[in-house]
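To start, the structure under review is shown below, and the notes come after it.
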Amino acid sequence: MRSAAAEKERTVEELFGEYLRTRAEDIKWEIVLRHSNMIKNIALRLQDVYSSFAQLDDIINEGLITLADAVEKYDPEKGVFEAYASIRVRGMIIDYAKKQDWVASSVRRRVQKIDQAAAELAAGLGREPTEQEVAEELGLTLAQYRRAVGISFTRNVISLEELVEQNREHWAAGDARYPEEELQRTELVEVLAQAISSLEKNEQLVLSLYHEHDLKRTEVADILGVSPVRVSQIHTKALRKLRKLLAKYFNDD
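Here the sequence shown is numbered in numbering that gives the first Met the number 0, starting from 0 and rising by one per residue.
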C-alpha cells in the first residue's frame, strides 16, 4: 500500500488510471480534491450569478458533488478532464441559478423598465442620469432601484454564460476526435473574437473588465466613471449584439 506522501506525488493521470481499473471511492475523491481550487475559482468568477440567494460555500459544495459525478462519467479518450470538468461546474452554477425562484414578478417588471427610463432621461437631460433620477422616474426608492439593477445585471451574466456554454460544450478543449471538429472549435474562437471586435470600445471594455478581469459591476463603473446602471446598459447592449452574431453563425452552420 502506498504511503500518504507517495499518494500525493501521483499525477492526476495516474489517479485516473487506477480509478478506471478499480472504481475506488477514495481515488475518485482524491481526484475531486485535486481540482477543488478549480471549483472555487469558477464559483468566484460567477459569484454575481448566485450571490443574491446562495453563499460561496454552498456553491463549492455543489461543485464538489458535480465534480465527483464528472469523474465517474469522464472518458479519457475524449480529451482533457479539466476542460470537461470546468464545463460541468459552470453548467451546474447556471442551472442552480435558473432553478431558484429568487426574482419576484414585480421586480422583473421593474427590471424591464430600467433601460427605457434611463434612455429617456438621458435624451431629455443630455447626459447620463444619476441613480436617484432614474429611481424617481420609476417611482422607486433608491434601494429598490439598486436591487433591480443588480438583478438585471445578474440575469445578463447568466444569459451570456449560458450562450457561451451551450454553443461550445461539444467543442470543449480536448474533446475533438476528428480534424473537422478541431477546425470547428478553432472557427468558433475566431467568430467570437470577430464578434467582440465589432463591438463599440466601451462595450469591449465592459466585457473585458467583468468577464476577463473578474471585476464587480461597481468596480467597472468606477473605472469608466459612470454609474452602475450605465454599466448594466452597456453590458446588455453588448450581449444583445453578441447573441445576434453568434446565433447567425450557428444557424448558418
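Glycine included, C-beta positions come from ideal geometry on N, C-alpha and C.
None of the values given here were measured: they were computed from a predicted structure.
Rank the options by C-alpha distance to the C-alpha of residue i and give the top, closest one.
i      : options                       : result
Asn201 : Ile222, Ala192, Gln193        : Ile222
Leu238 : Leu204, Leu14, Arg145         : Leu204
Ser207 : Ile26, Ile233, Val225, Val190 : Ile233
Ala42  : Arg33, Glu24, Lys243, Glu61   : Glu61
Glu130 : Ala194, Arg229, Lys240, Glu17 : Arg229
Lys27  : Phe80, Gln46, Gly138, Gln54   : Phe80
Val11  : Glu24, Leu32, Thr21           : Leu32
Ile93  : Glu29, Ala142, Gln46, Asp25   : Gln46
So, are the CB atoms of residue i and residue j less than 8 Å apart?
i      : j      : result
Ile64  : Ile38  : no
Tyr49  : Ala96  : yes
Thr235 : Asp114 : yes
Leu124 : Glu136 : no
Ala194 : Leu241 : yes
Ala69  : Ala84  : yes
Residue i lies in the alpha helix (DSSP H); which residues open and close that run?
i      : result
Phe15  : 11-21
Ser35  : 35-44
Val133 : 130-137
Gly62  : 55-72
Glu202 : 200-206
Thr217 : 216-223
Roughly how many whole angstroms lie between the Cα atoms of residue i and residue j?
i      : j      : result
Phe52  : Thr140 : 22 Å
Glu179 : Leu245 : Bear in mind that the predicted position of Glu179 carries a pLDDT of just 46, short of 50, making it unreliable; the figure below should be weighed with that in mind. Cα-Cα distance, rounded: 19 Å.
Glu8   : Ser35  : 17 Å
Ser226 : Val88  : 32 Å
Thr21  : Tyr73  : 15 Å
Ser197 : Lys247 : 14 Å
Arg126 : Gly224 : 13 Å
Thr217 : Val133 : 17 Å
Enumerate in chain order the residues of its own chain whose CB-to-CB distance from residue i is below 8 Å, with the five nearest sequence positions on each side excluded.
i      : result
Asp100 : A caution first: Asp100 carries a pLDDT of 49, below 50, which makes its placement in the model unreliable, though a value can still be read off. Counting only Cβ-Cβ distances below 8 Å, and skipping sequence neighbours, we find nothing.
Pro75  : Phe15, Leu19
Lys112 : Leu137
Quick one: residues in its chain with C-beta nearer than 6 Å to the C-beta of residue i, no 5 flanking neighbours on either side, listed in chain order?
i      : result
Lys215 : none
Tyr209 : Val219
Ala23  : none
Cutting at 7 Å between CB atoms, please list the residues of its own chain near residue i, excluding the five before and the five after it.
i      : result
Pro128 : Ala117, Leu120, Ala121
Ala103 : In this prediction, Ala103 has a pLDDT of 46, which is less than 50 and means its spatial position is unreliable; nothing more can be read from the coordinates.
Met91  : Glu61, Gly62, Thr65
His169 : Unreliable placement is indicated for His169, whose pLDDT of 45 sits below 50; the coordinate value is still reported in the next sentence. Around His169: no qualifying Cβ.
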